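Heads up: the structure comes next, in structure tokens.
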Amino acid sequence: MSHQHPHRWSQVLCLLAVCAGTTASAHAGLPETSNVTLRRGHPEDFFLGATFGAVISRDAGKTFRWICPDAMGYGGWNPTAYLWREAGDIMAATGSALLRSPDGGCSWNTHPYFKDTWVSGLAAHPTDDRVLYVVTSRHGRPNGLYRSQDGGETWAPSPLLRQGLVLNAVRVSPANPQRLYATGKEEGRMLLLRSDDAGETWREVVHTLAPLLLPYDLMVEAADPVSADIVWARVSSQGSTFMLRSDDGGETFVNVSEIQDVFINMELSADGKTTWVGTLNHFFRGPSTGPLDMLTLPTGNACVLRQGDTLYGCGSTWLHDWALARSTDQGSTWEHLFGLYEIQGTHHCPRGTPVRDLCPSRWPQLAEQLGAPLYPDGGVEEPTPEDAGTPDAGAPDAGTPDAGSTPEPPPGPKGSGGCGAMGGNMAPLLMLLSLFTLLRRGRRRVHSTTGPLP
1035 MSHQHPHRWS
1045 QVLCLLAVCA
1055 GTTASAHAGL
1065 PETSNVTLRR
1075 GHPEDFFLGA
1085 TFGAVISRDA
1095 GKTFRWICPD
1105 AMGYGGWNPT
1115 AYLWREAGDI
1125 MAATGSALLR
1135 SPDGGCSWNT
1145 HPYFKDTWVS
1155 GLAAHPTDDR
1165 VLYVVTSRHG
1175 RPNGLYRSQD
1185 GGETWAPSPL
1195 LRQGLVLNAV
1205 RVSPANPQRL
1215 YATGKEEGRM
1225 LLLRSDDAGE
1235 TWREVVHTLA
1245 PLLLPYDLMV
1255 EAADPVSADI
1265 VWARVSSQGS
1275 TFMLRSDDGG
1285 ETFVNVSEIQ
1295 DVFINMELSA
1305 DGKTTWVGTL
1315 NHFFRGPSTG
1325 PLDMLTLPTG
1335 NACVLRQGDT
1345 LYGCGSTWLH
1355 DWALARSTDQ
1365 GSTWEHLFGL
1375 YEIQGTHHCP
1385 RGTPVRDLCP
1395 SRWPQLAEQL
1405 GAPLYPDGGV
1415 EEPTPEDAGT
1425 PDAGAPDAGT
1435 PDAGSTPEPP
1445 PGPKGSGGCG
1455 AMGGNMAPLL
1465 MLLSLFTLLR
1475 RGRRRVHSTT
1485 GPLP
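All residue numbers for the sequence shown refer to our numbering, where the first residue is 1035 and numbers rise by one.
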């Protein structure tokens, strides 16, 4: 596949999705990475969420291995982000359950405390690994913010908890960890909620966003690393994503940039002066006062994570070879770290764990789709203690996921209108996937508007 014409391949993918008689979103349902996280205090540990489970590296990206979705047990909704504590636990809010792996990705369970509600957002204290927050969103049940002081083992409701409130996101200010932001809806009104005392009391602000036509899903996305009063949100309207910035603790918002694409996530520079936004098809950068400009790469399936002065970005292996890359010049150029065809079998886990028991038998089919080497027995071998994650478990082995504690899944999200995951006639899609795989085999790696809003 030519590296000079990624947009042409994107158009072919979209066309095939249309020909299949389907609703579109991310690259015609091809296997993709969806988010990236690094373990706090251990930058050698990578975890990538994916449309086909997850991919993990414990050796600074030298090898990547697969965790199958059956072993994770997250049900109908893939997590949009993961949190990897320094103590070793991996956690995620799925929109339904709160997922947790206590042993570095080998065993997974859903937290029984939230069996009667849906966990829609998860955030961590910037310096205290034990302090976590979640918000909930199940209609017909009281929703609010919950806190954990022991790394997610136990949870307790905050005073923000009531019927009729539905929350979708929570963020902790790196500049002042006492400052929390949450967003959601109540009786059709879009709310931003702010706490200055770690969730004990709250200030609630209704945002009508009158200049926008039928705005919906106001979501807090980032808190400024320097000023606790600067917070970012996004809202969808008229088929576009509007990036909003507040300099007064969420009392008012200014429209920084309009992006005609489906939002994935955003990051801020250490000084808060530069903004990066990943979308379904493109990657954007600009000053934090806007507007944002589209960059050359990644051309699809873009997500972004900043660690110090380094950016890590998701991308589409099918469009430009890599699924994860690194940039040290703010996204102008990217260094290939990982392509899907480089997965080296299944994650190294001890016998008796769900990943070890379930994933190896599923690996040959995925390897064939990705054009990855078919390692014997799924690449499984007896793990070293470091591979198995045992020194970092921080909790007893959870065993197999507790099916009885998995909440009823929420309704599936509506189609986005871009190129994407689909039902219907899959034959053209499978033919295209086979073509991409054959083209890759044997190949060497070559290495908006602004204005105020009320």
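Here a beta-carbon is modelled for each residue, glycine too, at the ideal position from N, C-alpha and C.
Keep in mind it's a predicted model, so treat the numbers as computed, not measured.
Scanning the stretch 1194-1242 from its first residue to its last, no whole alpha helix (DSSP H) run of 4-plus residues comes out. In the structure shown, the three-state DSSP call for Pro1191 is strand. In the structure shown, Ala1121 falls within a coil segment according to DSSP collapsed to helix, strand and coil.
Note on Tyr1250: under 16 other CB atoms within 10 angstroms of its CB, so exposed under the neighbour-count rule. Around the beta-carbon of His1316, 16 or more other beta-carbon atoms lie within 10 Å, marking it buried. Comparing alpha carbon positions, the residue from Thr1309, Ser1270 and Leu1345 closest to Leu1247 is Ser1270. With at least 16 other beta carbons inside 10 angstroms of its own, Leu1133 counts as buried.
Residue nearest to Phe1297 within the set Thr1286, Gly1312, Gly1283 and Ala1304 is Gly1312 (criterion: CA-CA distance). In the three-state DSSP reduction, Trp1142 falls in the coil class, being neither helix nor strand. Asp1150 has its alpha-carbon roughly 34 Å from the corresponding atom of Arg1279. The C-alpha of Thr1333 lies about 20 Å from the C-alpha of Thr1114.
For Cys1383, the closest of Gly1095, Arg1073, Trp1100 and Glu1066 by C-alpha to C-alpha distance is Trp1100. Residue Gly1373 holds the alpha-carbon nearest to the alpha-carbon of Pro1407 among Gly1373, Gln1294, Trp1189 and Ala1131. Between Ala1232 and Gln1212 a beta carbon distance of about 5 Å is seen, short of the 8 Å cut, so the two are scored as contacting. Per DSSP, reduced to three states, the secondary structure at Thr1333 is coil, with no helix or strand assignment.
Excluding residues up to 5 positions away in sequence, Arg1268, Val1290 and Ser1291 lie with their Cβ nearer than 6 Å to the Cβ of Met1277 in the same chain. The Cβ neighbour count for Asp1295, taken over all protein chains shown within 10 Å, is at least 16; the residue is labelled buried. Membership of Arg1181 in the beta strand (DSSP E) is indicated by the continuous run Asn1177 to Ser1182. Counting along the chain, no beta strand (DSSP E) covers Arg1390; the unbroken alpha helix (DSSP H) around it starts and ends at Pro1388 to Leu1392.
Judged by DSSP secondary structure, Ala1267 falls within the beta strand (DSSP E) whose first and last residues are Val1265 to Ser1271. When the Cα atoms are used, Leu1326 and Lys1307 turn out to be separated by approximately 12 Å. In terms of Cβ geometry, Val1239 and Leu1226 form a close pair [threshold 8 Å]. In this structure, Thr1309 is the residue among Thr1330, Thr1309, Gln1378 and Leu1329 with its C-alpha nearest to the C-alpha of Gly1320. Sorting Val1260, Ala1256 and Ile1293 by C-alpha distance to the C-alpha of Gln1272 places Ile1293 at the top. For a cut-off of 8 Å, the C-beta gap from Tyr1215 to Arg1205 is around 5 Å, short enough to register as a contact.
By the beta-carbon neighbour count (other beta carbons within 10 angstroms, threshold 16), Ser1366 is exposed.
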